[in-house]
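A.B. asks:
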Amino acid sequence: MPKTTALSAQAGTTSPDYVGLLYFLLQPFLEFPDSLSVDCEQSNNNKRVWLRVAFGVTEKGRVFGRGGRNIQAIKKVLETAAVAAGQSLYLDIHGTHASTPPRSDDSRRKPERTKQGTRRLDPPKPSVKPRPQLREN
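Using the working numbering, the letters of the sequence shown correspond one by one to residues 78 to 214.
1) Where does Ser-114 fall in DSSP's three states?
2) From Gly-133 to Ser-112, what distance separates their C-alpha atoms?
3) Judging by CA-CA distance, which residue of Asn-147, Glu-156, Arg-208, Tyr-167 is the nearest neighbour of Asp-116?
4) Hey, how far is the Cα of Gly-163 from the Cα of Val-126?
5) Less than 8 Å separating the beta-carbons of Asp-169 and Arg-139?
6) From the DSSP output, in three-state form, read off Ala-162 for me.
7) Going by DSSP, what residue range makes up the alpha helix (DSSP H) through Leu-98?
8) Decide if Leu-211 is buried, meaning its Cβ has at least 16 other Cβ atoms within 10 Å, or exposed.
9) Where Thr-177 and His-171 are concerned, what is the direct C-alpha to C-alpha distance, given to the nearest angstrom?
10) Three-state secondary structure (DSSP) at Leu-128?
11) Measuring alpha carbon to alpha carbon, tell me which residue in Ser-114, Glu-118, Phe-141 is nearest Ala-131.
12) Does the Cβ-Cβ distance between Ala-158 and Pro-93 come in under 8 Å?
13) In whole angstroms, what is the alpha-carbon distance linking Glu-108 and Lys-202?
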C-alpha cells in the first residue's frame, strides 16, 4: 500500500486527510491499486483543496461506474468532508473532460454539407412554395 501523509494543520485548524480518504474510497474499484496516484494542493489559507487523481486507463470504467455513480458518490463524500472542515474541494481526474475547459455551444455544432459540397453552419431555409389559386368560373 502506498504511503499517505497527513496534511499539516495550520493555526489550530485541522484538515481531513484527503489523500488517505481518496485511497480508501478508490482502491476497492482498482484491479491494480499501485496505478493510483493522488496529489493534494491547498490554497487560499487552507480554504480551497484541489485533489488530482490518476489511475490506469483500464480502470476508468470501474472507478466511474454505470452512469458515473461511483465517482459521484466518492466526490460527494470528499465534498462533505471538506464542508465539515470549512473548505471547498475540486476533484480533477486525469484524462477526463472535467480537466479540460468547457467549450461553447457553437464549437459543438458540425457544419452541414450543401449540394455544391460547401459547408455552412446555418440550417437550410425552408423553401416557400406558392399556394395554389382557386379558379372561379
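Backbone N, C-alpha and C fix where the C-beta goes; we use that ideal spot for every residue, glycine too. Note that the structure is predicted; figures quoted are calculated from it, not measured.
C.D. replies: Quick answer:
1) Here Ser-114 sits in strand by DSSP.
2) 6 Å
3) Checking every option, the nearest Cα to that of Asp-116 belongs to Tyr-167.
4) 11 Å
5) Cβ distance not < 8 Å, so Asp-169 and Arg-139 don't count as in contact.
6) In the structure shown, Ala-162 sits in coil (DSSP, three-state: anything other than H, G, I, E or B).
7) 95-103
8) exposed
9) Since pLDDT at Thr-177 reaches only 41, below the 50 mark, its modelled position is unreliable, and the value read off the structure follows with that caveat. So the two alpha carbons sit approximately 10 Å from each other.
10) strand
11) Ser-114
12) yes
13) Spanning the two alpha carbons is a distance of roughly 54 Å.
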